[in-house]
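As structure tokens, the structure follows; a few thoughts come after it.
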Amino acid sequence: MTEGFAKSKFYGITLQMRRAAVSIPSNIVGGTARFFSKRALKFLNIAGGSLSELDTQVR
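Numbering of the sequence shown is given in the working numbering, commencing with residue 726 and proceeding in unit increments.
Here it is in structure tokens:
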């Protein structure tokens with residue numbers, strides 16, 4: 726999705742969107758690997774926040 730963005734915007738919104746997109750599944754895996762402890766919920770909350778951030782940027 727970000728490949729069509731202008732090169733001048735690469736270090737701004739493009740990198741932020743890519744980081745958020747990678748963060749979502751990484752934090753879901755990090756959370757589920759902990760068998761739903763308090764730390765697991767923290768990772769899942771971070772994933773949800775990253776998803777909301779990415780959704781806002783895409784719109």
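Every residue gets a Cβ at the ideal spot worked out from N, C-alpha and C, and that includes glycine.
In this text the structure is predicted, and so the values were computed from the model without any measurement.
| said: Output needed for Leu769: all residues of its chain with C-beta closer than 6 Å, excluding positions within five of it in sequence on either side, in chain order. | reply: So the list reads Gly756, once near-sequence residues are dropped.
| field | Residue from Arg764, Ile771 and Arg744 whose Cα sits closest to the Cα of Asn752 | value | Nearest of Arg764, Ile771 and Arg744 to Asn752, Cα basis: Ile771.
| said: Could you tell me the alpha carbon to alpha carbon distance between Ser748 and Arg764, rounded to whole angstroms? | reply: Distance between the alpha carbons of Ser748 and Arg764 is about 16 Å.
| For Arg743, which of helix, strand or coil comes out of DSSP? | In this structure, Arg743 counts as helix in the three-state DSSP scheme.
| query | By Cβ distance, which residues of its chain are closer than 7 Å to Ala746, with the 5 residues on each side in sequence left out? | reply | The residues are Leu779.
| CB-CB under 6 Å to Ser775, same chain, minus the five flanking residues each way: which ones, in chain order? | When the five nearest sequence neighbours on each side are left out, the beta carbons in the same chain lying within less than 6 Å of the beta carbon of Ser775 are those of Ala745, Ser748 and Ile749, in order along the chain.
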